[in-house]
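**Student:** According to full-length UniProt numbering, the sequence shown holds residues 1 to 877 in order. Note that CB positions come from ideal geometry on N, CA and C, so glycine has one too. I am attaching a structure below and will ask some questions about it afterwards.
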Amino acid sequence: MKILNTVIIRAGLCSLFALICMFSSGLCYHQIGDNVLFHCWWGNASVSNPDPIDCHDISLAWNEEPPSEVRVGQRFNVSYHIEATDDFYESLFGFHLSSYNINSSNDLRTFCHSSPCPTQMASLRSFKENCCVWHANIHVCHPGNCGKPSQICGPWVDNDQVQSTHTIATFGNINDTFTAEVFIEVPEINHMIAHVKLGEMQMAIQKSIYVTDHYCGDGRCSDSEDCSSCSVDCCASLPSYVVALSSSLSSVIFLAIGLTIILFIVWFYYQKQKLFYDESWIIDYSDLRLWEGNDKGSMMSLINSRIHGETDNVSGQGSVFNLNGNRQIFIPTGVYEGKTVAIKKLNYRSRELQLTKTLRKEVMQIRSLDHANVCRFIGATLRSSENVIILTEYCPKGSLNDVLQNDDIPLNWGFRFSFVTDISRGLAYLHSKRIVHHRLMSTNCVIDDRWVVKITDYGIPSLRVCDSDRASEEGERRKRCLVFFPPEERDSTYYIPTLSGNVYSFSIILLETATRIDPYSEELFIDTTTGRPRLPDLAQEGCPCPSTYQELIESCWDEVPGNRPSFDQIKKSILRMNPNKESPVDTMMKMMEKYSKHLEALVGERTQELIIEQKKTQQLLYTMLPQAVADELRQGRPASAKQYSSVTIYFSDIVGFTTLAGASSPMEVVTFLNELYSTFDDILDKFDVYKVETIGDAYMVVSGVPRVNGDKHAGEIARMALQLLAASKIFVIPHKPNTELKIRIGIHSGPVCAGVVGLKMPRYCLFGDTVNTASRMESNSEAMKIHCSNDTAQLLKKVGGFQLECRGTLEIKGKGQMTTWWLKGEDKPSSSSSRRIIVKSSGGTELYSEGAQLRSSSAVLRTPNRVIINIPGTPMQ
């Protein structure tokens, strides 16, 4: 039944349109301009049924536009595409204009965008059912063959009309670009039509082309050519002196024509400079550079407001509301011709706008304005694919609403009177030019760097019509704006702003200036009968003449528009009230002095915070790279690799770590390794060593790099290894307290090369055979033993004080036969080895041992939260 009703409605509309066509033939065909409009028809439209239909949110446009002039037979390419909105698919599906087996508008959109068309079809019906755009081609026909002047010639051709070109039809998706190679054989004016069919609709767009059938150099002298204009074709048989004379005469004629053209261009340029036809205010969008992040926003932009969560573009400056109800107003700015300008984006695109005489007149009117209290109009972008943007003079202090709501700015009454005087002067000037402000609010009164208030967002109603629709404003934003609207505007569906309406809006600005309270805040009660805020006792606000000021407000918001004063009268009233005890400049100087002191304190505070953060960053960097290397990099110098003749490298890993990790959760493994390596790191701080890296259970330390310490590196590593071994013996695995931790250690001494590798996450790495040999010492070691090479053993013997046991000769992978040693301990603890050892247990960091290693007579006390070691000769802790 729904389908039947739709068909009946559609048939009725078509019948009604046919009746209109019978009585008014001017309505029954579409006049179409070059490359501006497009047409849509039903699928069964023809010469006898040419009535266009609504295009249902779909358009057709040229990608590669046909040239304006070509030669006969000249080949050229054209391309065109379809633009469709989401509403189009709703319309196409709802009116059953699709010939596809589709169940919803979403399915139709998917089908039209992504469904591939079959390469071969059995019939035209197959194309219609399997392709979204099932017909796309180019028609070219001579205008003399069309029924009416300027009528679109096609996409069908009558029997008595001649179609000079008709390309082969193609097909595809709705987002495809269709391209065709075309040539025209019929001279003079021709109409080229791009024609597409989709579903039960068809569309066309037209371009007029002039086709010439001859040109100079084609080998024939036509009637329009002579020896002077085309000597190649028309002067071949003439004597040379005739040719020369003709050429000279042609040069003179061309020179005269050129001078005439230049004079015409100068005259035309002079005429365009007249204000009405001057288009210098039309700005190319590419010449405008927009600021990112509102860097040029108002320096006083924080406003305490009770309005929640909306965006306000009332004054041409974007407003952002945070979650706390505070509104922060920014002025979107850009740079045009090297100057900062304020910008306002309108709600429609440039291509939708026509440069009418009305618009030219409105622009001419505001361009002629010149007043100290009116923001200067700079221009607008009308010829781009972006939204229309209006450019005006930039005032860096923000809006009057910004300043009034900023409690950090002290405003005495001399300053406030200066503000309202500037506004009254600006509005009086606008009214003298018969310009009515359509949205007068405190947010549309901006302050320049000299604290002069200027009126903005005025004039050009043709451009602002999309932004002045009061019915579109909703919620708190609409309620706030309504406070500034006069009663006659609030009570009217369609209202034309008036001069008296501006006076009413000015009364609200007077109240806001006196109280420094937002007009639609909870602090000012709104009378539901009149829609006006409550008038407080201005004497409490420090007003020097509260009764006179209050009388001015009441006269400005009088219910009868004719009883409201003019701005010339308002100016005189304000001047009488202004005590002039302190000029705005004096107030500004005091305010700047306060700002200067506040800024100095703020800079000092921020400097201290910066120093603290720099120290944190420096400390973090020193934990990642050696201090000397990190300092080189911080100063911008490259950290070149260095060769070290003799260092000692330590490697260790955990015996059975794979089995232990397999029986533990990832978090347990991470916690275990973190506590173990934190213990090791605390021990490393007591020795002249550098921790290179940890990979899994592997732990690598070096001495002698990057700080060279002579022959001490072997002893430093040996003592460190003994303490790490001692700490491992009593370390309690957090999640497996009954499992004994066993590590194996390998040490080797020799030359290495060290340097920083990589730009992202740089690492300090060691290179050389010494690293490999030290790793082999570790892999060939045994649990809870320190395995060292013969080179390290000889250095330790040279240093003295260490207990070494020869292990013998071993076959080391990649090294062959090597004599290796076990490091058993020290003969007597050194000063460095008698320092405290800090070990992290499951309960946290604990002090548990004194001395370099554990002896068999050591007493071990285990508790759930700490491990205490007592070595003979030392008291229990």
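Which of the three DSSP states, helix, strand or coil, is assigned to Gly258?
**Tutor:** Locating residue 258 in the sequence shown gives position 258, where the first residue counts as 1. Gly258 falls in the helix class under three-state DSSP.
**Student:** To the nearest angstrom, report how far apart Ser432 and Gly414 are at their CA atoms.
**Tutor:** Indexing the sequence shown from 1 puts residue 432 at position 432. Indexing the sequence shown from 1 puts residue 414 at position 414. Cα-Cα distance, rounded: 27 Å.
**Student:** Suppose the cutoff is 7 Å on Cβ atoms and the five residues either side in sequence are ignored; what does the same chain contact list for Ser645 look like?
**Tutor:** Here residue 645 refers to the residue found at position 645 when the sequence shown is read from its first residue. Here the set comprises Pro751.
**Student:** Taking the alpha helix (DSSP H) that Tyr677 belongs to, which residues open and close that run?
**Tutor:** Your numbering for residue 677 matches position 677 in the sequence shown. From DSSP, the alpha helix (DSSP H) with Tyr677 extends over 666-684.
**Student:** Please return the same chain residues whose Cβ sits closer than 6 Å to the Cβ of Glu90, not counting the five positions on each side in sequence.
**Tutor:** Residue 90 sits at position 90 when you count from the first residue of the sequence shown. Around Glu90: Ser105.
**Student:** Per DSSP, which one or two residues make a beta bridge with His56?
**Tutor:** For the purposes of this step, residue 56 is taken as the residue at position 56 of the sequence shown. None; His56 has no bridge partner.
**Student:** Who are the near neighbours of Ile496 in its chain, counting only those whose CB is closer than 6 Å to its CB and skipping five residues on each side?
**Tutor:** Here the question's residue 496 lines up with position 496 in the sequence shown. Nothing meets the Cβ criterion.
**Student:** Look up Trp821 in the DSSP assignment and give the residues it is bridged to.
**Tutor:** Here residue 821 corresponds to residue number 821 of the sequence shown, with the count starting at 1. Within the DSSP bridge table, the entry for Trp821 names Cys788, Cys806 as partners.
**Student:** DSSP state of Lys454, grouped into three classes?
**Tutor:** For the purposes of this step, residue 454 is taken as residue 454 along the sequence shown, with counting starting at 1. Of the three classes helix, strand and coil, the one that applies to Lys454 here is strand, per DSSP.
**Student:** Any C-beta of chain D sitting closer than 8 Å to the C-beta of Val732?
**Tutor:** Checking the listed chains, one finds no chain D in this structure; it contains a single protein chain.
**Student:** Kindly list the residues whose CB is nearer than 8 Å to the CB of Arg349, restricted to its own chain and excluding five residues on each side of it in sequence; keep chain order.
**Tutor:** Sequence index remark: in the sequence shown, residue 349 carries index 349 (1-based). Excluding sequence neighbours, Arg349 sits near Ser385, Glu386, Asn387, Val388.
**Student:** For the region 447-466 against the region 399-414, are there 3 or more C-beta pairs whose distance is under 8 Å?
**Tutor:** yes
**Student:** Pick out the complete beta strand (DSSP E) segments inside the region 61-92, 3 residues or longer, and give them in chain order.
**Tutor:** 69-71, 76-84
**Student:** Determine the closest residue to Gly426 out of Asn406, Gly338, Asp408, Lys454, with distance taken between C-alpha atoms.
**Tutor:** Within the sequence shown, numbered from 1, the residue matching residue 426 stands at position 426. Of the candidates Asn406, Gly338, Asp408, Lys454, the one whose C-alpha sits nearest the C-alpha of Gly426 is Lys454.
**Student:** Which residues bound the beta strand (DSSP E) around Trp42?
**Tutor:** Working through the sequence shown from its first residue, we reach residue 42 at position 42. Counting along the chain, the beta strand (DSSP E) containing Trp42 begins and ends at 39-42.
**Student:** If you follow the alpha helix (DSSP H) that Leu633 is part of, which residue opens it and which one closes it?
**Tutor:** Reading the sequence shown from its first residue, position 633 is the one you call residue 633. 627-634 is the span of the alpha helix (DSSP H), which, as asked, contains Leu633.
**Student:** Which of the three DSSP states is assigned to Asn175 in this structure?
**Tutor:** Here residue 175 corresponds to residue number 175 of the sequence shown, with the count starting at 1. DSSP places Asn175 outside both helix and strand once states are collapsed to three, so it counts as coil.
**Student:** From Trp62, Gln202, Ile82, Ser68, pick the residue whose C-alpha is nearest to that of Ser46; which is it?
**Tutor:** The sequence position of residue 46 within the sequence shown is 46, counting from 1. Looking at the Cα atoms, Gln202 is the closest of the given residues.
**Student:** When DSSP labels each residue in this structure, what does Pro565 get in the three-state scheme?
**Tutor:** Taking the first residue of the sequence shown as position 1, residue 565 is located at position 565. If DSSP states are grouped into helix, strand and coil, Pro565 belongs with coil.
**Student:** Less than 8 Å between the CB atoms is what I'm expecting for Phe506 and Cys556, so what's the real figure, rounded?
**Tutor:** Locating residue 506 in the sequence shown gives position 506, where the first residue counts as 1. Locating residue 556 in the sequence shown gives position 556, where the first residue counts as 1. At roughly 6 Å, the Cβ-Cβ gap stays under 8 Å, so Phe506 and Cys556 are in contact.
**Student:** Out of Leu673, Leu724, Val670, Ile695, state which residue places its alpha-carbon closest to the alpha-carbon of Ile683.
**Tutor:** As a first step, residue 683 is located in the sequence shown; it is residue number 683 there, counting from the start. Selected option, being the one with the closest Cα: Leu724.
**Student:** Please state whether the Cβ-Cβ distance between Ile786 and Ala721 is less than 8 Å.
**Tutor:** For the purposes of this step, residue 786 is identified with residue 786 of the sequence shown, where counting begins at 1. For the purposes of this step, residue 721 is identified with residue 721 of the sequence shown, where counting begins at 1. The answer is yes: Cβ separation under 8 Å.
**Student:** Between the Cα of Ala718 and those of Thr658, Ser652, Phe93, spot the shortest distance and give me the residue it belongs to.
**Tutor:** Start at 1 with the first residue of the sequence shown, and residue 718 comes out as number 718. Closest by alpha carbon: Ser652.
**Student:** Which residues in the same chain have their Cβ closer than 7 Å to the Cβ of Thr513, if we skip the five residues on either side of it in sequence?
**Tutor:** Along the sequence shown, one-based indexing puts residue 513 at 513. Cβ neighbours of Thr513 beyond the five flanking positions: Leu404, Arg416, Phe419, Val420.
**Student:** With DSSP run on the structure shown, which of helix, strand or coil describes Leu511?
**Tutor:** On the sequence shown, position 511 is the one that residue 511 refers to. In the structure shown, Leu511 sits in a helix (DSSP, three-state: H, G or I).
**Student:** Per the contact definition of three or more C-beta pairs closer than 8 Å, is the region 659-667 in contact with the region 751-765?
**Tutor:** Pairwise C-beta distances place the region 751-765 out of contact with the region 659-667, as fewer than three of them are shorter than 8 Å.
**Student:** Which one or two residues does DSSP pair with Ser115 in a beta bridge?
**Tutor:** What you label residue 115 is simply residue 115 of the sequence shown in a count that begins at 1. Its beta-bridge partners do not exist; DSSP assigns none.
**Student:** Relative to the C-alpha of Tyr520, which candidate in Ser442, Tyr458, Ser462 has its C-alpha closest?
**Tutor:** As a position in the sequence shown, residue 520 is number 520, starting the count at 1. For Tyr520, the nearest C-alpha among the options comes from Ser442.
**Student:** Measuring only the C-alpha atoms, how far is Cys216 from Asp223?
**Tutor:** In the sequence shown, residue 216 corresponds to position 216, counting from 1. In the sequence shown, residue 223 corresponds to position 223, counting from 1. If I take the Cα positions, the gap works out to 12 Å.
**Student:** Taking the beta carbon of Tyr270 as the centre, do at least 16 other beta carbons fall within 10 Å, making it buried, or is it exposed?
**Tutor:** For the purposes of this step, residue 270 is taken as residue 270 along the sequence shown, with counting starting at 1. Result: exposed.
**Student:** State the CB to CB distance for the pair Val182 and Thr165, rounded to an integer number of angstroms; the pair is presumed to be in contact (CB under 8 Å).
**Tutor:** Locating residue 182 in the sequence shown gives position 182, counting from the first residue. Locating residue 165 in the sequence shown gives position 165, counting from the first residue. That belief holds up - the Cβ atoms of Val182 and Thr165 are roughly 6 Å apart, short of 8 Å.
**Student:** Return the bridge partner residues of Arg744 from the DSSP annotation.
**Tutor:** Counting from 1 along the sequence shown, the entry for residue 744 is found at position 744. DSSP lists Asp653 as partners of Arg744.
**Student:** Please classify Arg289: does DSSP put it in a helix, a strand, or coil?
**Tutor:** On the sequence shown, residue 289 is found 289 positions in, with the first residue counted as 1. Here Arg289 sits in strand by DSSP.
**Student:** Could you spell out where the alpha helix (DSSP H) holding His210 opens and where it closes?
**Tutor:** As a working mapping, residue 210 is identified with position 210 in the sequence shown. Here the sequence assigns Tyr to residue 210, which means His is not the residue at that position. Note, Tyr210: premise wrong, no alpha helix (DSSP H); beta strand (DSSP E) at 201-212.
**Student:** If I measure Cβ to Cβ from His113 and keep anything under 7 Å in the same chain, skipping five residues before and after, which residues do I get?
**Tutor:** Residue mapping note: residue 113 aligns to position 113 of the sequence shown, counting from 1. Closer than 7 Å at Cβ, skipping near neighbours: Asn173, Ile174, Asn175.
**Student:** Would you mind giving the Cβ-Cβ distance between Thr392 and Val341, rounded to the nearest angstrom? I have them listed as a contact below 8 Å.
**Tutor:** Here residue 392 refers to the residue found at position 392 when the sequence shown is read from its first residue. Here residue 341 refers to the residue found at position 341 when the sequence shown is read from its first residue. The C-beta separation of Thr392 from Val341 comes to about 7 Å, placing the pair in contact by the 8 Å criterion.
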